[in-house]
Ligand code: DC
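In this note's numbering, the protein residues as written are 16 to 234.
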């Protein structure tokens with residue numbers, strides 16, 4: 016079973032996807048981390064994230080980089096969003112994501128274009144959203160916690176809110192694989208939900224989809 020989870024930053028999709036993977040015993044890939052790896056590498060190679068050739072050259076990073084907590088910063092998230100507009104970068108990361116999705120037994124992937132481009136025939140597609148304000152509050156709390164633990168820089172709420180607005184705009188308006196729900200995606204708005212309730216609702220949506228498909232029989 017392939018479960019595709021898409022949505023904007025800080026919507027809760029990452030936590031929900033990890034819990035779905037645990038619940039259904041499936042491997043999990045956070046595809047945003049791949050774009051963050053490219054963003055981090057372009058920065059450290061002294062390249063320009065807006066230059067398609069510099070960004071493409073940064074796609075050849077060592078897989079060990081994905082364990083680096085520095086990838087989780089807001090600044091690297093912004094660079095990831097900038098490199099992700101280049102079709103060549105999306106092309107370079109495509110096979111790795113597709114192979115992961117279509118491995119035997121299935122997988123859970125979270126990102127922006129999983130249900131639309133990477134795995135358009137996924138068994139289940141969720142589009143997880145929340146209001147901009149709610150997402151900014153969550154991201155601010157997460158970044159504040161990281162800074163207190165010594166693994167991040169101090170943050171300011173207005174800067175985080177502005178970053179989220181800018182990143183949404185860029186992710187939704189790029190010409191290749193923009194962030195948008197697949198036509199057959201189930202929407203899950205987590206604005207007023209605790210993370211526990213959001214996970215329960217996501218499991219209920221997946222179960223309902225499996226049972227609908229089961230009744231229809233194989234495609
Ligand atoms: O999910 P995230 O915030 O870690 O993603 C960082 C950026 O990477 C996001 O702003 C856009 C890009 N991205 C993408 O274009 N496609 C994906 N499947 C995942 C992330």
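A virtual CB, placed ideally from N, CA and C, is assigned to each residue, including glycine.
Could you name the residues that DSSP lists as bridge partners for residue i?
i: residue 201; result: 141
i: residue 125; result: 20 and 45
Could you tell me whether the Cβ atoms of residue i and residue j are closer together than 8 Å?
i: residue 210; j: residue 134; result: no
i: residue 143; j: residue 41; result: no
i: residue 70; j: residue 78; result: no
i: residue 206; j: residue 116; result: no
i: residue 203; j: residue 217; result: yes
i: residue 128; j: residue 200; result: no
i: residue 197; j: residue 130; result: yes
Taking 6 Å as the limit between beta carbons, can you name the residues of its chain near residue i, skipping five residues before and five after?
i: residue 221; result: 139
i: residue 25; result: 150, 153 and 154
i: residue 28; result: 20, 22, 125 and 143
i: residue 103; result: 67 and 71
i: residue 112; result: 46 and 133
i: residue 185; result: 96
i: residue 234; result: Any reading at residue 234 must be qualified, since the residue scores a pLDDT of 49, below 50, and its modelled position is unreliable; the value itself is stated next. Excluding positions up to five away in sequence, the list is empty.
Take residue i and list the residues in its own chain whose beta-carbon comes closer than 8 Å to its own, dropping the five residues that flank it on each side.
i: residue 108; result: 46, 49, 50, 53 and 74
i: residue 80; result: 52, 55, 56 and 86
i: residue 148; result: 176
i: residue 93; result: 54, 178, 181 and 182
i: residue 4; result: Outside the displayed range of the chain (16 to 234) lies residue 4, so it cannot be described from this structure.
Shorter than 7 Å, the distance from the beta carbon of residue i to the closest heavy atom of ligand 2, or not?
i: residue 129; result: Here the bound small molecules are ligand 1; ligand 2 is not part of this structure.
Within its chain, find whatever has a CB closer than 7 Å to the CB of residue i; leave out the 5 residues flanking it on each side and keep chain order.
i: residue 162; result: 168, 169 and 170
i: residue 165; result: none
i: residue 36; result: 42, 43 and 123
> Fully enclosed by the region 23–76, which beta strand (DSSP E) runs are 3 residues long or longer?
Replying inline: 43–45
>> Runs of 4 residues minimum, wholly inside the region 160–216: which ones carry the alpha helix (DSSP H) assignment?
In response: Whole alpha helix (DSSP H) segments, 4+ residues: 172–188.
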